[in-house]
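Novice: Dumping the structure here so I can ask a few things about it.
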């Protein structure tokens, strides 16, 4: 009997030592990942489902998440007749009043029949609680590029006619329950000599400090064609200093010729000194994020360079300035995107504690399929991520604590 007891004690000691040794050999990032995964939850928001009364299906793409002043989650998305970019898209959303655990019915913001509505980009005005939603409107036979099999041609430059792309703006003053009739703001968000543009997709920002405090800044990209019919992109900001009533177009960010490719779908974030950093999808065979900084509220930008710490497979990404409740003077930057150069997979959340100079921590949110995403922060500090997965057939919302990311948070100036 004594021998059995002694053996049992020795076995427990051996197992305990083995576990401790394994933990010691595990990197801090891996332990961090495991801890975070244990305290998160996820829910399905949209899926690829049958349309009522039709043989076809609704597809959903381009997720955008926003939290209101009351912590209601607004999950915006393009509702498509299929999954193609030009698929008679509508702009819709679902609301969650329990932090993303359950979701209400689909609310339609804009449905224009066979027209294509796309690139949702939302922003919360903190002082009033108003939510703005911008999107583009294409005629049935027009899009940003030629689509021969659909008999669709690329849009023309200008402000008049139905062969151009238009931008519309709608707002809600009741946490997303109802929305205003969309109004045309094309001339304040686009240059007349440009054809295709895109807001975001994702979220805009409201500057919280500095000379341009209160300015609403919406991220944009535009495309143009050279003499060889090769498509190029610029990134820029459209901004408003009167709560979204009127809009102005900033200058496009110049591209540093030392770096291959140009930008595309873009997001922006306010830094600790009140400047703005953009983070853009790459194009033309480059597989790193593009970044630039504006010190004048989005009017002009520094040359766009590669961010080699953030690889990508050419995909939209989300960036957010996050704060720790109770310590409002400290923040970190969070960025989500597929970390693979080969495919839209390995969805990763990165953290920067020095305003994007270095990205010192990373955490795999989704090891498998992961495409477009949108980050959001709640009043308790927790972070949500609304993202595409399962070959664009599942739109998932996941939420996790913020404390994991504040080991070395930077102080705002």
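Residue numbers (mature numbering (1 follows the signal peptide of the UniProt record, and there is no 0)): -24 to -1, 1 to 389.
Where a beta carbon is used, it is the ideal one built from N, C-alpha and C, also for glycine.
Between 330, 303, 368, 370, which lies nearest to residue 355 when the distance is taken from Cα to Cα?
Specialist: Comparing Cα positions, the closest option is 303.
Novice: Within this structure, are the beta carbons of residue 401 and residue 118 separated by less than 8 Å?
Specialist: Given a span of -24 to 389 for the chain in the structure shown, any question on residue 401 remains unanswerable.
Novice: Report the rounded CA-to-CA distance for residue 94 versus residue 199, giving the unit in angstroms.
Specialist: Those two C-alpha atoms are separated by around 16 Å.
Novice: Quickly, what does DSSP pair residue 361 with across the bridge? List them, please.
Specialist: BP columns for residue 361 point to 351, 374.
Novice: Taking the C-alpha atoms as reference points, what is the distance between residue 52 and residue 35?
Specialist: Straight-line Cα distance between these residues: approximately 14 Å.
Novice: Quick check on the DSSP output: the beta strand (DSSP E) that includes residue 282 runs from which residue to which?
Specialist: Start and end: 281 to 287.
Novice: Going by the DSSP bridge assignment, what does residue 160 pair with across the sheet?
Specialist: DSSP lists 144 as partners of residue 160.
Novice: In terms of alpha-carbon separation, which member of 206, 251, 175, 16 lies closest to residue 99?
Specialist: Among 206, 251, 175, 16, the Cα nearest to that of residue 99 belongs to 175.
Novice: Tell me, please, whether the segment 239 to 256 touches the segment 277 to 294 by the rule of three or more beta-carbon pairs shorter than 8 Å.
Specialist: Taking 8 Å as the limit for Cβ pairs, the verdict is that the segment 277 to 294 does touch the segment 239 to 256.
Novice: When we look at the beta-carbon of residue 378 and count the other beta-carbons within 10 Å, is it buried (16 or more) or exposed?
Specialist: Buried: at least 16 other Cβ atoms inside 10 Å.
Novice: Going straight from the alpha carbon of residue 104 to that of residue 135, what length do you get?
Specialist: About 31 Å.
Novice: Residues in the same chain with beta-carbon distance under 7 Å from residue 208, minus the five sequence neighbours each way, listed in chain order, please.
Specialist: Around residue 208: 199, 200, 202, 238.
Novice: Counting pairs of beta carbons, one from the segment 267 to 287 and one from the segment 221 to 235, are three or more of them closer than 8 Å?
Specialist: Yes: the two stretches touch, three or more of their Cβ pairs being nearer than 8 Å.
Novice: Where does residue 194 land, buried or exposed, given buried means 16+ other C-beta within 10 angstroms?
Specialist: Burial call: buried.
Novice: In its own chain, which residues sit with a C-beta less than 8 Å from the C-beta of residue 97, not counting the 5 before and 5 after it?
Specialist: Contacts found: 40, 109, 110, 111, 175, 176, 177, 178, 179, 180, 194, 195.
Novice: For residue 327 versus residue 313, is the C-beta spacing smaller than 8 Å?
Specialist: Not a contact, by the Cβ cut-off of 8 Å.
Novice: Can you tell me whether DSSP reads residue 133 as helix, strand or coil?
Specialist: If DSSP states are grouped into helix, strand and coil, residue 133 belongs with coil.
Novice: Measuring straight from C-alpha to C-alpha, what distance separates residue 159 and residue 38?
Specialist: One C-alpha to the other measures close to 22 Å.
Novice: Who are the near neighbours of residue 226 in its chain, counting only those whose CB is closer than 6 Å to its CB and skipping five residues on each side?
Specialist: Excluding positions up to five away in sequence, the list reads 212, 213, 274, 275.
Novice: According to DSSP, is residue 195 part of a helix, a strand, or is it coil?
Specialist: Residue 195: strand per DSSP, three-state reduction.
Novice: If you drop the 5 nearest sequence neighbours on each side, which residues of the same chain put their C-beta closer than 7 Å to that of residue 132?
Specialist: Excluding residues within five positions, the ones whose Cβ falls inside 7 Å are 139, 140, 171.
Novice: So what's residue 189 in DSSP terms, helix, strand or just coil?
Specialist: Correct three-state label for residue 189: coil.
Novice: Taking Cβ positions, are residue 42 and residue 352 nearer each other than 8 Å?
Specialist: Contact: yes.
Novice: Does residue 88 come out as helix, strand or coil in the three-state DSSP assignment?
Specialist: Three-state DSSP puts residue 88 in coil, outside helix and strand.
Novice: Here's the rule I'm using: 16 or more other beta-carbon atoms within 10 Å means buried, otherwise exposed. How should residue 297 be labelled?
Specialist: Looking at its Cβ environment, which holds 16 or more other Cβ atoms inside 10 Å, residue 297 is buried.
Novice: Grouping DSSP H, G and I as helix and E and B as strand, with all else coil, what is residue 342?
Specialist: Note: residue 342 maps to strand in three-state DSSP.
Novice: Given this structure, state the Cα-to-Cα distance separating residue 74 from residue 376, to the nearest angstrom.
Specialist: Residue 74 and residue 376: Cα-Cα distance of roughly 14 Å.
Novice: So for residue 125, helix, strand or coil by DSSP?
Specialist: In the structure shown, residue 125 sits in a helix (DSSP, three-state: H, G or I).
Novice: Where does residue 103 fall in DSSP's three states?
Specialist: Reduced to three states, the DSSP call for residue 103 is coil.
Novice: Rounded to a whole number of angstroms, what is the C-alpha to C-alpha distance between residue 1 and residue 337?
Specialist: Note that residue 1 scores 36 on pLDDT, short of 50, meaning its location in the model is unreliable and no value can be drawn from it.
Novice: For residue 379, which of helix, strand or coil comes out of DSSP?
Specialist: Looking at residue 379 - three-state DSSP - the assignment turns out to be helix.
Novice: Measuring alpha carbon to alpha carbon, tell me which of 247, 182, 253, 205 ends up nearest residue 218.
Specialist: For residue 218, the nearest C-alpha among the options comes from 182.
Novice: DSSP three-state label for residue 292, please.
Specialist: Coil, per DSSP.
Novice: What are the start and end residues of the beta strand (DSSP E) that includes residue 248?
Specialist: It is not in any beta strand (DSSP E) - residue 248 carries neither H nor E in the DSSP assignment.
Novice: Do residue 404 and residue 72 have their C-beta atoms within less than 8 Å of each other?
Specialist: Beyond the ends of the chain as shown, which are -24 and 389, falls residue 404; an answer cannot be given.
Novice: Using 8 Å as the threshold, is the C-beta distance between residue 151 and residue 106 below it?
Specialist: Cβ atoms of residue 151 and residue 106: not closer than 8 Å.
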